[in-house]
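According to the working numbering, the stretch in the sequence shown is residues 36 to 153, in order.
The beta carbon of each residue, even a glycine, is placed where N, CA and C say it ideally should be.
Note sheet for the following structure.
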Amino acid sequence: MSNCEPGLSIRPTTAGAGVVAALQSVSSELELDRLIRTIVTVAAEHAGAQRVALVLSTGDALNAVAEASTGRDDLRMVLEPKPAADANLPEAVLRHCARTGETVDLADPTHRRLFSDT
């Protein structure tokens with residue numbers, strides 16, 4: 036842990052490394068669609084995920100702005116904003132993420148136990 040200033044600390048984590056990689060990749064992106072594509076691509080690559088959804092909160096609503104799934108040699112992405120409830124995502128996971136602000140990786144045994152019925 037390194038202290039940057041009083042009351043502010045940075046802890047290196049695997050998730051943090053993914054965020055840093057995403058920020059570095061998107062720092063020059065100005066077009067929103069390209070930015071979203073880059074964020075989802077980096078998240079999928081970093082997590083080794085088969086499926087990724089970028090869900091954003093707008094007021095009280097959760098909207099899936101992008102969804103991606105990995106194929107054998109490619110990443111298929113759809114940028115079609117829709118209510119998160121219509122995105123075929125586990126509702127318990129969505130509620131947890133919205134409530135806590137945490138990222139959930141269902142491949143992680145700790146997270147999988149929390150959502151064993153999803």
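Strand pairing of residue i, partner residues [DSSP]
i	result
residue 87	103
residue 97	92
residue 118	98
Spatially closest choice to residue i from the options, by CA coordinates
i	options	result
residue 68	53, 101 and 77	101
residue 56	70, 127 and 81	81
residue 141	76, 115 and 84	84
residue 109	86, 92, 130 and 123	86
residue 159	92, 130 and 88	The requested residue 159 does not occur in the structure, where the chain is confined to residues 36 to 153.
residue 73	92, 107 and 111	111
Residue i - containing beta strand (DSSP E), residue span
i	result
residue 110	110-113
Residue i: first and last residue of the uninterrupted alpha helix (DSSP H) it sits in
i	result
residue 80	67-82
residue 141	It is not in any alpha helix (DSSP H) - residue 141 carries neither H nor E in the DSSP assignment.
residue 129	126-135
Contact set for residue i: own chain, Cβ-Cβ below 6 Å, skip 5 residues either direction
i	result
residue 90	97, 99 and 119
residue 146	139 and 140
residue 92	none
residue 143	none
residue 123	none
Close-in-space but distant-in-sequence residues of the same chain around residue i (CB under 8 Å, 5 per side omitted)
i	result
residue 53	77, 78, 81 and 82
residue 132	90, 138 and 139
Sequence-distant residues of the same chain with beta carbon closer than 7 Å to residue i, five excluded per side
i	result
residue 75	87, 89, 101, 103 and 112
Between the stretch 118-134 and the stretch 91-105, are three or more C-beta pairs nearer than 8 Å?
Touching, per the Cβ criterion.
Does the stretch 131-142 come close enough to the stretch 101-111 that 3 or more CB-CB pairs lie under 8 Å?
no
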